[in-house]
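**Q** Just add 23 to wherever you are in the sequence shown, counting from 1, and you've got the working numbering.
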Amino acid sequence: MANTKKTAAKDATSGVDSKALAKAAVEQDELMRRINIIESEYGDGAEFELEKSIQKTQIHLANSATSMLMAGRELVRIKEHIPHGDFQEVTEKRLGMSKRTCQRFMSAAVKFANTKQITSAIQGRSNLLELVTLDDDDLKALDEGGTVAGLVLDEIDSMTTSELREQLREHKENLKKERLKK
Numbered sequence: 024m025a026n027t028k029k030t031a032a033k034d035a036t037s038g039v040d041s042k043a044l045a046k047a048a049v050e051q052d053e054l055m056r057r058i059n060i061i062e063s064e065y066g067d068g069a070e071f072e073l074e075k076s077i078q079k080t081q082i083h084l085a086n087s088a089t090s091m092l093m094a095g096r097e098l099v100r101i102k103e104h105i106p107h108g109d110f111q112e113v114t115e116k117r118l119g120m121s122k123r124t125c126q127r128f129m130s131a132a133v134k135f136a137n138t139k140q141i142t143s144a145i146q147g148r149s150n151l152l153e154l155v156t157l158d159d160d161d162l163k164a165l166d167e168g169g170t171v172a173g174l175v176l177d178e179i180d181s182m183t184t185s186e187l188r189e190q191l192r193e194h195k196e197n198l199k200k201e202r203l204k205k
């Protein structure tokens with residue numbers, strides 16, 4: 024009987040690749056070590072939940088776009104209140120912002136001042152900055168639920184910046200061609 028048990032145990036493990044099993048265990052340990060480091064560094068003490076993390080990320084992205092617009096508004100105010108020639112020094116030395124970044128933030132603040140749908144729908148500031156290049160009629164259409172370049176706000180928000188940039192470039196080229204035909 025004892026001999027039968029040994030044979031059964033040997034038969035049960037004979038198909039197992041012990042090296043592969045050991046390698047998988049090491050890989051699992053390494054994964055858990057990395058996850059523990061990430062959780063201690065970036066986690067909030069709660070157990071990870073994908074949907075909750077996605078929602079938190081969306082909130083932060085929306086805050087990023089809103090913060091960019093609010094910073095742009097303040098930059099417009101600063102520019103108007105300080106003597107000519109001092110703006111670049113203030114933004115570079117005191118705020119650590121390049122002239123070009125300030126210009127883009129201010130342009131966005133001015134361009135989107137009266138567009139509630141766009142600014143609440145577009146969560147990433149990069150995509151919002153890409154929309155600055157649209158003319159006022161396109162922005163108005165988009166803000167009223169229409170399309171630009173065949174895209175609605177939800178599609179624009181889910182695109183990468185390079186995808187959006189390409190779509191807008193094509194849209195502008197098509198508009199230019201249409202104007203030349205007239």
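Every residue, glycine too, gets a C-beta built ideally from N, C-alpha and C.
1) Determine the DSSP secondary structure at V171, reduced to helix, strand or coil.
2) For the alpha helix (DSSP H) containing K116, name the first residue and the last one.
3) I need the straight-line Cα distance from D109 to K116, nearest angstrom please.
4) Alpha carbon to alpha carbon, how far is L152 from F135? Give it in angstroms, no decimals.
5) For the alpha helix (DSSP H) holding H194, just list the boundary residues, first then last.
6) So within the segment 47-113, which uninterrupted beta strand (DSSP E) runs reach at least 3 residues, ignoring any that extend past its ends?
7) Using the three-state DSSP reduction, which class does Q126 fall into: helix, strand or coil?
8) With H, G and I counted as helix, E and B as strand and the rest as coil, what does DSSP make of D159?
9) In the DSSP assignment, find the alpha helix (DSSP H) that holds D40 and state where it starts and stops.
10) With DSSP collapsed to three states, give me the class of A136.
11) From M91 to I179, what does the alpha carbon distance come to, in whole angstroms?
12) Looking at the structure shown, is I179 part of a helix, part of a strand, or coil, going by DSSP?
**A** Well, looking at it:
1) The answer is strand: DSSP assigns V171 an E or B state.
2) No alpha helix (DSSP H) contains K116, which DSSP labels as neither H nor E.
3) Between D109 and K116, the C-alpha separation is close to 11 Å.
4) Computed Cα separation, rounded: 10 Å.
5) For H194, the enclosing alpha helix (DSSP H) begins and ends at 184-204.
6) Listed in chain order, nothing qualifies, since the segment 47-113 has no complete beta strand (DSSP E) run of 3 or more residues.
7) Correct three-state label for Q126: helix.
8) Secondary structure at D159: helix, using DSSP grouped into helix, strand and coil.
9) According to the DSSP assignment, D40 belongs to no alpha helix (DSSP H), since it is labelled neither H nor E.
10) Correct three-state label for A136: coil.
11) Distance from the CA atom of M91 to the CA atom of I179, rounded to whole angstroms, is 18 Å.
12) In the structure shown, I179 sits in a helix (DSSP, three-state: H, G or I).
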